[in-house]
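Trainee: Got a structure for you, written out below as structure tokens; questions coming shortly.
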Amino acid sequence: MMDSEKGKIIGMRLLKWGAAVFLLLVTLTVLYAWHLNGPLKEKFDGRRWAIPARVYARPLELYPGLRLEAGQLEKELQLSGYRKDDRIATPGSYAVRDGGIGMHTREFDFGDGNSPPARLFIAFSSGRIAAVQDEASGGTVDLARVDPALIGSFLPRENEDRLLLKREDLPEALVKTLVAVEDRSFFTHHGLDPRGILRALWVNIRAGSAEQGGSTLTQQLVKNFFLTSERTLRRKFNEAIMALLLDWQYDKDEILTAYANEIFLGQDGNRAIHGFGLASRFYFQHGIEHLEPHHIALLIGMIKGPSHYNPRRHPERCLERRQSILRIMLEAGIINSEAFQVAANAPLLDAPANPGGFNRFPDFLALVRRQLQRDYREEDLTSTGLQIFATLDPRVQWAAEENLGATLAGLEQGRNIEGLEGAVVVANRSTGEIEAVVGGRSPRSGGFNRALNASRPIGSLVKPAVYLAALENGHILAHRIDDAPVTWKNQDGTFWTPRNFDGREHGSVTLYEALVNSYNLATIHLGTAIGIDKVIEVLKRLGCEKAMEPYPSLFVGALAMSPLEVAQMYQTLAGEGFYTPLRAIHQVLDMENRPLQRFPLSVEQRVESAHAFLLNTVLQKVVQEGTASSLSAYFPPSHGLAGKTGTSDDARDSWFAGFSGDKLAVVWVGRDDNAPVNLTGAAGALVVWGKMMYQLDAQPLSLIEPPGIEWRRVAAGPDRQGGGEQRRVSLPFIAGTAPERGGDGPGAAVDSARDRVKNAIDRFREWLQ
Amino acid sequence: MNKAMRRIMVFCWGGIGRAGLPLCCLALLTAGLTVSGCAVQPVSVPPRESGIQRAALTLLDEAEQALHAGDALKAEAYLERAIRIEPQNARVWHALARSKFQQGQYSQAIQMARKSNSCLPDRAMERNNWLLMEQAYQAMGDQEKAKNAHDRAFD
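Protein chains in written order, with numbering that gives the first Met the number 0: chain A, 0 to 768; chain B, 0 to 154.
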């Protein structure tokens, strides 16, 4: 009896202690849960993911008359991730038929309104679009816009990329399959599924290996969200508590949607593919709304091991897994046996691997990033889901890359040079939109971007500024200057004795001749006569933002610039006197397609039309008969292209800058170590320019002649004393400044002529105001 | 403006460059004749060019509607697309000048109007451009330049 009482007392005490300990444990657990719940809620209620900014190429506009061939369109569509599908059943597909291209465009929000999907047929004839037909209405369309190619994203540090989906975006079959395969009681459990764990345990014991995980979707989500993959008890415990908390506070749909966006489904280089939305794009090139049962089975099957079951690297394994998922779908009644048969016989991936345009153009992206960094912080770019509409024209970019690489290889072989590098910038002549940027011979590498960052002496590319300054200060193209030796004493006491490229002096030459043939000595004499500050002022007006030293060597190009900077300067000439800031971006939208920022076209007249016209006429002559006449290998003289060659000292840098009716392009060729390459502008850069512009079918250039221009034939041949006939050339003059007939020979009264010119220019200015 | 006429004028301007004054006169004469001819009988335009023109016109129409509705930003987006398709269309640049004016960007409005005037000649547009510049200068408080622009519109 004593014993039993003692036992009772001990029992009571134990019970009390037990209860106390239990209460303590519960309190601790609740406190701990409360501690865990903070970050959980923060993550779940806040912006859950860092969504990288996406960069798109310019959208392709299709209209009758556009110069475009079927093959080119097909290449562009593939870049935009279009699938070849003869039925063009779903958006994002195309078919080649009847000599044209049928296409089913995707819905796309350009920021100025949503373009609905459309089924179009594009007919071609002699290198142009002949008609754009709307297959739904049967009528023709004046203008159609194709959703642009995604050319890159600015990934956050973890390199995660995803396309965010909402619950209603998730196809029911996908949801059902996910639940059937990963967590059968998802809709009924409370975050944990003890029966599931037991079942998994049983299956695993029977199979002798880890066939099934007992984790619920909620647990998997928690694990992916917060926890490392270490397998400790503490982590399991945290996972369980957080799963319960999540399930308690959020509804199943929210958890499901988060899961669908979070799940890791493979790797694309250093980019991690997360979520079903991006995975669908990445593996099947279409949106999640068009997933068929075999696609769904593949994606759900990959959850277990995204690299193990990668359909591209391990197709057999992946197929086996897909078939087993399909069987589960059949058993669960998600598909019927007919659909099962179709799906089981479907190929793993219907379209061949299409790399698309993703980060294919790192050199251009670098420019986009540079333009954005002025206005956005790094974390804005990598996390807020900005949508960036860039100006890249894939066709131009391809042509620039191909021709630079091929031409440099050819030059190295033909001339026994090593280590040549190069860079190309192409812009739209009228809008200043940059269509292509090539920073070197390996355009995929994203290495040193010479187009943006290589600052090299521009040689004779500077000369148009000297002649423009001359024209603005009372000179006419028929004026004569001395192409005679000159020696300059530097501040340090050394001497500078520049020479002409051909090593000869050409005596008294017209401005026109001196620029067409790029005579150094004449240019230095001319520049000195006008004054260096005037030349510097012109250079600045043209768009050169470099600090410039007022030494006469500037007249012949002792000025280091990057190809992009040169392009900005020549854009003002190409724009016939209108400065247009070069742009790589049209606009930036936020994640919900609301416009954040536009980079509008802007123009500013910085050179009077008449002066621009005179100068550009000479730049056309440079191509027709001057230092760039070798362009005739690619274009007939009637094409009217304008340009200028540039060669730096000892031929270390070979430049060509020029424009056609539609494009401005600048090419640099040289070596990274700045060693001589023995290439003039014409022998190196010009060849790249010519081949590229030929491939791009550059449009003829017809300058618009402003009112008040007179044309005269003047003697412009070499004025060799006592020798030969004067060559006569037709040149433009501002009305009232043209030389008197017959009075334009050597020794013409230049001073009085200059006064006349000045008066006429003043009149012209008045008239312009 | 009639495309065929424009092409002839392009030819004329080119002609001036190549062959000097006599040819220029001849070209102008031809242009004049063609212009008067146009009034009587429409010249058939090759389809590929009319396609380009129609595409640009579609966008110009949209832009005009947006301008009427007071949505200058929307108009601007249309007009920039139109310029990409047909960069030398004085009407498009003029509409862009108006959209800048509507946004109160007067100096850009003036620049765009100048650009429009520097396109292939279009006398009607030229007057509109000068009138717009007059308004823009007035808005900027520059009476003298406004007066100047006014005079240019009617000289």
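Glycine is no exception: its CB is placed at the ideal position from the N, C-alpha and C atoms. None of these values were measured; they are calculated from a predicted model.
Under a Cβ-count criterion, where at least 16 other Cβ atoms within 10 Å of its own Cβ denotes burial, should Q64 (chain B) be classed as buried or exposed?
Mentor: Result: exposed.
Trainee: Thinking just about the alpha-carbon of each residue, which of A:K5, A:A405, A:E434 is nearest to the one in V687 (chain A)?
Mentor: It is A:A405 whose Cα lies nearest to the Cα of V687 (chain A).
Trainee: Taking Cβ positions, are I50 (chain A) and R161 (chain A) nearer each other than 8 Å?
Mentor: Result yes, Cβ atoms of I50 (chain A) and R161 (chain A) sit closer than 8 Å.
Trainee: Between which two residues does the alpha helix (DSSP H) harbouring S666 (chain A) extend?
Mentor: Rather than Ser, the amino acid found at residue 666 (chain A) in this sequence is Val. Per DSSP, V666 (chain A) belongs to no alpha helix (DSSP H); it is in the beta strand (DSSP E), 662-670.
Trainee: Short of 7 Å in beta carbon distance, which residues of its chain neighbour V54 (chain A), apart from the five on each side in sequence? Order them along the chain.
Mentor: Once the five neighbours on either side are set aside, the close Cβ partners of V54 (chain A) are I150, G151, S152, L364, V367, I387, A389.
Trainee: Roughly how many angstroms lie between the CA atoms of P442 (chain A) and D362 (chain A), to the nearest whole one?
Mentor: Taking the straight line joining both Cα atoms gives about 7 Å.
Trainee: If you drop the 5 nearest sequence neighbours on each side, which residues of the same chain put their C-beta closer than 7 Å to that of P705 (chain A)?
Mentor: Excluding residues within five positions, the ones whose Cβ falls inside 7 Å are S608, A609, F612.
Trainee: Check for me: the alpha helix (DSSP H) holding L595 (chain A) runs from which residue to which?
Mentor: Counting along the chain, L595 (chain A) falls outside any alpha helix (DSSP H), though it belongs to the beta strand (DSSP E) covering 594-597.
Trainee: Measuring alpha carbon to alpha carbon, tell me which of A:G576, A:L142, A:T644 ends up nearest V537 (chain A).
Mentor: It is A:G576.
Trainee: Can you pull the chain B residues whose beta carbon is under 9 Å from the beta carbon of F577 (chain A), in chain order?
Mentor: In chain order: Q110, R113, K114, S117.
Trainee: List, in chain order, every chain B residue whose beta-carbon is nearer than 7 Å to that of Q604 (chain A).
Mentor: Correct list: Q110, R113.
Trainee: Please list, in chain order, the chain B residues whose beta carbon lies closer than 7 Å to that of D141 (chain A).
Mentor: Going along chain B in sequence order, the residues near D141 (chain A) (Cβ under 7 Å) are R53, A54, T57.
Trainee: Examine chain A for any beta-carbon lying closer than 8 Å to the beta-carbon of A76 (chain B), and answer yes or no.
Mentor: Output row for A76 (chain B): interface = yes.
Trainee: Within the continuous alpha helix (DSSP H) that includes T571 (chain A), where are the two ends?
Mentor: That run of the alpha helix (DSSP H) goes 562-573.
Trainee: Can you tell me whether DSSP reads Y81 (chain A) as helix, strand or coil?
Mentor: Three-state result, Y81 (chain A): coil.
Trainee: Less than 8 Å between the C-beta atoms of V425 (chain A) and A664 (chain A), yes or no?
Mentor: Yes, they are a contact pair.
Trainee: Nearest by alpha-carbon distance to A450 (chain A): which of A:E315, A:N260, A:A656, A:P562 is it?
Mentor: The shortest C-alpha separation from A450 (chain A) is found at A:P562.
Trainee: Spatial neighbours of P580 (chain A) within its chain, please: CB distance less than 7 Å, with the 5 preceding and 5 following residues excluded, ordered by chain position.
Mentor: G431, S601, listed in sequence order.
Trainee: Compute the Euclidean distance between the alpha carbons of S647 (chain A) and P463 (chain A), then round it to the nearest angstrom.
Mentor: Taking the straight line joining both Cα atoms gives about 16 Å.
Trainee: Measuring straight from C-alpha to C-alpha, what distance separates L130 (chain B) and R113 (chain B)?
Mentor: Cα-Cα distance, rounded: 11 Å.
Trainee: Output needed in chain order: residues of the segment 125-155 of chain A with a Cβ under 7 Å from some Cβ in chain B.
Mentor: For the segment 125-155 of chain A, which is checked against every Cβ of chain B, the residues closer than 7 Å are R127, D141, L142.
Trainee: Looking at S306 (chain A) and I82 (chain B), is the spacing between their C-beta atoms short of 8 Å?
Mentor: No; because the gap between Cβ atoms is not below 8 Å, this pair is not in contact.
Trainee: Taking 8 Å as the CB-CB cut-off, is S429 (chain A) touching chain B?
Mentor: Yes - at least one Cβ of chain B is within 8 Å of the one on S429 (chain A).
Trainee: Taking N489 (chain A) as the reference, which of A:Y550, A:V461, A:I584, A:R166 has the closest Cα?
Mentor: The shortest C-alpha separation from N489 (chain A) is found at A:Y550.
Trainee: Is R270 (chain A) helix, strand or coil when you go by DSSP?
Mentor: Correct three-state label for R270 (chain A): strand.
Trainee: Hey, how far is the Cα of Y569 (chain A) from the Cα of A513 (chain A)?
Mentor: Cα to Cα, the separation comes out at about 19 Å.
Trainee: With a cut-off of 8 Å, does the C-beta of K73 (chain B) fall near any C-beta of chain C?
Mentor: Considering every chain present, this structure includes no chain C. Its protein chains are A and B.
Trainee: Could one say the Cβ of D108 (chain A) lies closer than 8 Å to chain B's Cβ atoms, at least one of them?
Mentor: So, not an interface residue.
Trainee: At 3 residues or longer, and completely inside the segment 52-121 of chain A: list those beta strand (DSSP E) runs for me, N to C.
Mentor: Correct list: 52-55, 59-61, 92-96, 99-103.
Trainee: Relative to the C-alpha of R82 (chain A), which candidate in A:H289, A:E544, A:R127 has its C-alpha closest?
Mentor: Per the Cα distances, A:H289.
Trainee: Whose Cβ in chain A lies nearer than 7 Å to the Cβ of Q107 (chain B)?
Mentor: Within 7 Å Cβ-Cβ: S601.
Trainee: What distance in whole Å lies between the Cβ atoms of E106 (chain A) and L119 (chain A), which are believed to be in contact at a cut-off of 8 Å?
Mentor: That pair is no contact at about 14 Å.
Trainee: Starting from G50 (chain B), find everything on chain A with Cβ-Cβ shorter than 7 Å and list it in chain order.
Mentor: Near G50 (chain B) (Cβ distances below 7 Å), the residues of chain A are Y62, P63, G64.
Trainee: Determine, for E79 (chain B), whether the minimum Cβ-Cβ distance to residues of chain A falls below 8 Å.
Mentor: Answer yes: the Cβ-Cβ gap between E79 (chain B) and chain A drops below 8 Å somewhere.
Trainee: Could you check where the alpha helix (DSSP H) with T406 (chain A) kicks off and where it finishes?
Mentor: 393-414 is the span of the alpha helix (DSSP H), which, as asked, contains T406 (chain A).
Trainee: Expressed to the nearest angstrom, what Euclidean distance is found between the alpha-carbon atoms of L541 (chain A) and V534 (chain A)?
Mentor: Their Cα atoms are separated by approximately 11 Å.
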